[in-house]
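Protein chains: 2
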Amino acid sequence: MDIFLATRRRRTADESRTLILDVATRRLREYGLEGLNITGVAEEAGISHATLIHHFGSSGGMRDALTDKMTTDLVADLVLAFDAHVPPAELAQRVFAALAEGGHAKLLAWRSIAGDSSPHDVTAVANLFGKLLDTTQKALGAESREQVQMIIYLVALASIGYGMAGSVLADALGMNTQQVEAFPEWMTSHIT
Amino acid sequence: MDIFLATRRRRTADESRTLILDVATRRLREYGLEGLNITGVAEEAGISHATLIHHFGSSGGMRDALTDKMTTDLVADLVLAFDAHVPPAELAQRVFAALAEGGHAKLLAWRSIAGDSSPHDVTAVANLFGKLLDTTQKALGAESREQVQMIIYLVALASIGYGMAGSVLADALGMNTQQVEAFPEWMTSHIT
DNA sequence: TTAATTATTGACATAAATGTCAATAAGACT
DNA sequence: AGTCTTATTGACATTTATGTCAATAATTAA
């Protein structure tokens, strides 16, 4: 008769938190908001749900931490895309790519559809866009500040819409893949 | 001692369904997806949750019916905005207004964030956009079909993004209310 | 080796949401 | 009036999600 003594894996608190948030991110992508219950996340992460509560306090705490992480990732991607030395047209394309990427669009959709419990900090994004405005304005030369704001506003809005409903809308308009892929360049070349 | 004999209100099935979906729509707007539980909807509608299940079969059935209704409303608004006799710039603004309106943007966000159980029919929207393409192309004269598709694609994407994150993004960019309000006209005058 | 910290967990408790069912009754029709 | 359809409901059952707690054990520090 075998006696099986189970051993526990003990991670640092940080390791556990990132493990959990990684699983939650994947589940959000795959199952939508319904995938963000602590029972399911814990099971998929291979831990007990009590452990999850220990690290995040509650189910809402986990979701808050996830939105924080996704926001941080979004800003990081924008920072990465941002380079003062590239021409504004390419800069616009990079911003487009960064915002349109599935996960970020999903974050914004979530924020828009969920009963927003806690208002979030947008100063990081605001600072970033401030720099973006300055650089673009300098690069475009004569354009007024308002003009630059409008341009970036348009690019950003289109990016978000693209990440959210781009493929569905392309279908409805009868556009093929090549056209959709050509869209970012077409847009930036038409509005700057 | 008073004896109170409760009387039931008996609606037609259609009346009950529309009553329930109206309440659900309001609750979606106010509380987000969490507001769409049959218990809460039934309570706010003044009926028992068993009645709600009777009419929609299940909780998911109610949500499916709601997305169907919202999609129908979206198409109806687009049809209303669509008038072959108005100049393309104003047409673009009408499409913008129809898509950017809160409820529709919320529908698209929901579709994007929820675990999409059932693929929905988009032929109605596709037909509508087909007519929109034809009319716009005719009005713009020399433009190629691809060009017209790109233009409408851009307007539609920006509209969706506007309905979803317009105010947040405007804040991040330091735009004031006047600028935001001027945006639709600015956009349509710059891309057509 | 010993002690201290704390991540981990199973068992339990609770709340909330969903679904089932048989009985009731409101309205339509004859 | 009587009959039929079916919308309506309360009570119950079930499932799921969330949260609590005391005990355990992995790791670190002394």
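Residue numbers (the working numbering), protein chains in the order written: chain G, 126 to 317; chain V, 126 to 317.
Positions of the beta carbon are idealized from the N, C-alpha and C atoms, including for glycine.
DSSP lists G:Gly157 as the bridge partner or partners of V:Ala239. Contacts with chain G (Cβ-Cβ distance below 7 Å) from the stretch 180-200 of chain V involve no residue at all. It is roughly 13 Å from the alpha-carbon of V:Gly160 to the alpha-carbon of V:Gly185. Linking G:Thr248 to V:Leu224 through their CA atoms gives a straight-line distance of about 28 Å. For a Cβ distance threshold of 9 Å, nothing in chain V lies close to G:His229: the least Cβ distance comes to about 11 Å. By the Cβ test, the stretch 247-262 of chain V is in contact with the stretch 188-203 of chain V, since at least three Cβ pairs between them sit closer than 8 Å. The beta-carbon distance between G:Gly165 and G:Arg152, rounded to whole angstroms, is 7 Å. This is short enough to meet the 8 Å contact definition.
Chain V has a Cβ within less than 8 Å of the Cβ of G:Ser237.
At a C-beta separation below 9 Å, V:Phe254 has these neighbours in chain G: Leu294, Ala297, Leu298 and Gly299. V:Gly288 and G:Leu257 have their C-alpha atoms roughly 23 Å apart. V:His179 and G:Leu144 have their C-alpha atoms spaced approximately 42 Å apart. Counting the other CB atoms within 10 Å of its CB gives V:Ser269 a total below 16, which places it among the exposed residues. By the neighbour-count criterion, in which 16 or more other beta carbons inside 10 Å mark a residue as buried, G:Gly182 falls on the exposed side. Just measuring C-alpha positions, the residue of G:Asn301, G:Leu191, G:Trp311 and G:Thr137 sitting nearest G:Arg154 is G:Leu191. Residues of chain V with a Cβ closer than 8 Å to the Cβ of G:Val220 do not exist, since the nearest Cβ in that chain sits about 12 Å away. Annotation: G:Glu306 to G:Met195 spans about 26 Å, alpha carbon to alpha carbon.
At least one CB atom of chain G sits nearer than 8 Å to the CB of V:Gln274. The three-state secondary structure of G:Gly291, taken from DSSP, is helix. By the Cβ criterion, the stretch 231-242 of chain G is not in contact with the stretch 292-300 of chain G, since fewer than three pairs of Cβ atoms, one from each stretch, lie closer than 8 Å. The criterion of a C-beta distance shorter than 8 Å is not satisfied by G:Gly240 and V:Gly266. If the five residues before and after G:Ala281 are omitted, its C-beta is found closer than 7 Å to the C-beta atoms of Val220 and Leu224, all from its own chain and listed in chain order. Listed in chain order, the positions of the stretch 151-172 of chain G with a beta carbon within less than 9 Å of a beta carbon of chain V are Leu153, Glu155, Tyr156, Gly157, Leu158, Glu159 and Gly160. Within the model, the alpha-carbon separation for V:Glu310 versus V:Gln218 is close to 7 Å. Within 10 angstroms of the beta-carbon of V:Gly286 lie 16 or more other beta-carbons, which makes it buried. A direct Cα-to-Cα measurement between V:Arg136 and V:Asp208 gives close to 38 Å. For V:Phe207, there are no C-beta contacts with chain G under 8 Å, since the nearest C-beta of that chain is about 14 Å from it.
Across the set V:Ala149, V:Leu216 and V:Thr176, the C-alpha of V:Thr176 shows the shortest separation from the C-alpha of V:Ala138.
Below the 8 Å Cβ cutoff, chain V contributes Leu298 and Gly299 as neighbours of G:Leu258, in chain order.
Here G:Arg188 is buried: its Cβ has 16 or more other Cβ atoms, across all protein chains shown, within 10 Å. The C-alpha of G:Ser284 is placed about 33 Å away from the C-alpha of G:Ser141. Under the Cβ criterion of 8 Å, V:Gln262 is not counted among the residues facing chain G. The shortest CA-to-CA distance from G:Leu199 to any of G:Glu169, G:Pro213, G:Glu215 and G:Ala230 is the one to G:Ala230. Of the other Cβ atoms in all chains shown, 16 or more fall within 10 Å of the Cβ of V:Gln262; this residue is therefore buried.
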